[in-house]
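Counting in the working numbering, the sequence shown runs from 981 upward without gaps.
Beta carbons: idealized from backbone N, C-alpha and C, even for Gly.
Just so it is clear, the structure is predicted and the values come from calculations on it, not from any experiment.
Here's the structure, in structure tokens; my notes come after.
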Amino acid sequence: MTIEKRVKLHNNIYYVVLDVEYKKKDSKVCLCLSNRKEDYYDGGDLTNLIEKIEQDYTSEKAQKYQKDIGFLQDAFYIYDRIPFLSGIKDIYQKETETLPYSQGYISKKELDDLIEQNNIQMSNHKNFKLYDKQTWVS
């Protein structure tokens, strides 16, 4: 199953895509992040994280990752703060239309490949926990 949550960085709208699954834990069924050792998932905690990401965002912070392509700047900025995402959708909508004008998608694998190929410095997420704000990147 996938969940998509909106992230708005200035005038740009993105959706983070998360792979989740239902698991039985302590004899009750819980929604968890897929394919992660730290599989805790809570929509409220994710909403709080996204609000922090939106509030802390500046173009200068995003340019630290990539200087030439705005979409990649923002994608790396989001990925560095939501390391458990499966991908990021880029949605462009004209003000005069109700449906999206265009959509793009970049997967976690594509982001990881670009990070490796271009020696992009990302934060250490070894201790990241969605439920612990102290582990979130500012």
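The secondary-structure analysis by DSSP pairs GLN1083 across a beta bridge with ILE1071.
In the displayed model, LEU1013 falls within a strand according to three-state DSSP. A residue is called buried when at least 16 other Cβ atoms come within 10 angstroms of its Cβ; GLN1053 meets this threshold and is buried. Within 10 angstroms of the beta-carbon of ASP1060 lie 16 or more other beta-carbons, which makes it buried. GLU984 is bridged by DSSP to VAL997. Looking at the DSSP output, LEU989 bridges to ASN992. With a cut-off of 8 angstroms on Cβ pairs, the region 1026-1040 is in contact with the region 981-992, counting three or more such pairs. THR1078 and ILE1071 have their alpha carbons spaced roughly 12 angstroms apart.
By the C-beta density criterion, GLY1067 is buried, having at least 16 other C-beta atoms within 10 angstroms. Shortest Cα-Cα distance from MET1102 to any of ASP1112, GLN1043, VAL997 and ASN992 involves GLN1043. Closest in C-alpha terms to LEU1013, from the list SER1039, LEU1065, PRO1080 and ALA1055, comes LEU1065.
Note that the region 1084-1094 does not touch the region 1013-1024; fewer than 3 beta-carbon pairs, one per stretch, sit closer than 8 angstroms. Under DSSP, LYS1004 shares a beta bridge with VAL1009.
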